[in-house]
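> In our numbering, the protein residues as written are 4 to 263. Just so you know, even glycine gets a beta-carbon here, dropped at the ideal spot from N, CA and C.
1. Tell me the rounded alpha-carbon separation between residue 88 and residue 222.
2. Could you tell me the boundaries of the beta strand (DSSP E) in which residue 62 lies?
3. Identify, in the order they occur along the chain, each residue of the same chain with its Cβ nearer than 8 Å to the Cβ of residue 2, setting aside the five sequence neighbours on each side.
4. Check for me: the beta strand (DSSP E) holding residue 234 runs from which residue to which?
5. Smallest Cα separation from residue 118: which of 92, 198, 144, 58?
6. Figure out for me which residue from 256, 66, 18, 59 has the closest Cα to the Cα of residue 238.
7. By DSSP's criteria, residue 187 is part of a beta bridge. Which residues make up the other side?
8. Go through its chain and collect everything with a Cβ distance to residue 106's Cβ below 6 Å, but skip five positions before and after it.
9. Since residue 88 is in the beta strand (DSSP E), which residue starts that stretch and which ends it?
10. What beta strand (DSSP E) runs, 3 residues minimum, are completely inside the segment 89-135?
11. Whether or not the segment 170-189 and the segment 118-137 are in contact is what I'm after, with contact meaning three or more pairs of Cβ atoms, one per stretch, closer than 8 Å; do they touch?
12. Buried or exposed: which applies to residue 34, given that a residue is buried once 16 or more other Cβ atoms fall within 10 Å of its Cβ?
13. Looking only at its own chain, which residues have a Cβ that is under 6 Å from the Cβ of residue 240, when we skip the five neighbours before and after it?
14. Please list, in chain order, all residues of the same chain as residue 227 whose beta carbon is under 6 Å from its beta carbon, the five residues on each side excluded.
15. Using 8 Å for Cβ pairs, my map puts residue 93 next to residue 216. What's the rounded Cβ distance?
16. Does DSSP put residue 70 in a helix, a strand or coil?
17. Buried or exposed: residue 171, going by 16 or more other Cβ atoms within 10 Å of its Cβ?
18. By Cβ distance below 6 Å, which residues in the same chain neighbour residue 38 in space, the five residues on each side in sequence not counted?
19. Measure the C-alpha to C-alpha separation of residue 124 and residue 85 and round it to an integer number of angstroms.
20. Report buried or exposed for residue 19, applying the criterion of at least 16 other Cβ atoms within 10 angstroms of its Cβ.
21. Compute the distance between the beta-carbons of residue 289 and residue 162, then report whether it is under 8 Å.
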């Protein structure tokens, strides 16, 4: 029986097996490209079926893709590669009217009202606060699986937080990923007016001081336009992305000094 089983297994030659494998791959790749709307989208669609492990998340953002909320629920992740990307120029960010006035006023506030900015001292609570939807659907992509992997990426020195405290209580913050000279702002939160905006401005100054090259944020119709956010075409973004990733840069633990 053992000899017979072996002989049956060798009926199909290795060459035929490889040919069948290639044909099946081509068939499924063609179908995936058709369903997803193109070859470039096929890879993104396939990514959505993987668990959000630290490696998959890192690989997705390394390729310049964005992770969007799945408003329909379920376990499928939605990775996209949009034609327009919102970036804030590292050397060309802006500090406009209301926020500038508030920052100047903040210097003279009583110590009980003044915000204290810290770097990476409580990433866990910061991302947890960012994930609280408060009835909104735009943050549901910060799922427990994503948060678990982000905490691991934080331990690896990839995920970071800029935090705002008032009287020792975390009242605002921003989270993001740093991959060499490329920084991706992911989410923010605040429980005190302007806390997240101030934390984000500290982040902008910090990215410049630390020598980052590219800062990916949200769409150019978002609240981030007050910092000088602009849209760039996909091809231009990809060139900038490759240059940024090839630039050795470290997200330091230094809180920048603001000058006006």
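So, to answer that:
1. Rounded to whole angstroms, residue 88 to residue 222 spans 7 Å at the Cα level.
2. If you look at residue 62, you'll find it isn't in any beta strand (DSSP E); it sits in the alpha helix (DSSP H) that goes 57-65.
3. Summary: the structure shown does not reach residue 2, with the chain confined to residues 4 through 263, and so no result is reported for it.
4. DSSP places residue 234 inside the beta strand (DSSP E), whose first and last residues are 233-236.
5. Closest option to residue 118, Cα to Cα, is 198.
6. Closest in alpha carbon position to residue 238, among 256, 66, 18, 59, is 66.
7. In DSSP, residue 187 forms a bridge with 180, 219.
8. Cβ neighbours of residue 106 beyond the five flanking positions: none.
9. Boundaries of the beta strand (DSSP E) around residue 88: 87-90.
10. For the segment 89-135, the continuous beta strand (DSSP E) assignments of 3+ residues that do not extend past its boundaries occur at 119-122, in sequence order.
11. At 8 Å Cβ cutoff, the stretches touch.
12. For residue 34, the predicted structure reports a pLDDT of 47, less than 50, and the residue's modelled location is therefore unreliable. A value from the coordinates is still provided. With fewer than 16 Cβ atoms within 10 Å of its Cβ, residue 34 is classed as exposed.
13. 88.
14. Here the set comprises 220, 221.
15. Approximately 6 Å separates the beta-carbon atoms of residue 93 and residue 216; this is inside 8 Å, confirming the contact.
16. Shown here, residue 70 sits in a strand according to DSSP, grouped into three states.
17. By the 10 Å Cβ count, residue 171 comes out exposed.
18. Unreliable placement is indicated for residue 38, whose pLDDT of 46 sits below 50; the coordinate value is still reported in the next sentence. Only residues of its own chain outside the window of five on either side were considered, and among them none has a CB closer than 6 Å to the CB of residue 38.
19. Straight-line spacing of the CA atoms in residue 124 and residue 85 works out to 33 Å.
20. Burial state of residue 19 is exposed, judged by a 10 Å Cβ sphere holding fewer than 16 other Cβ atoms.
21. Because the chain in this structure spans residues 4 to 263, residue 289 falls outside the shown range and cannot be described.
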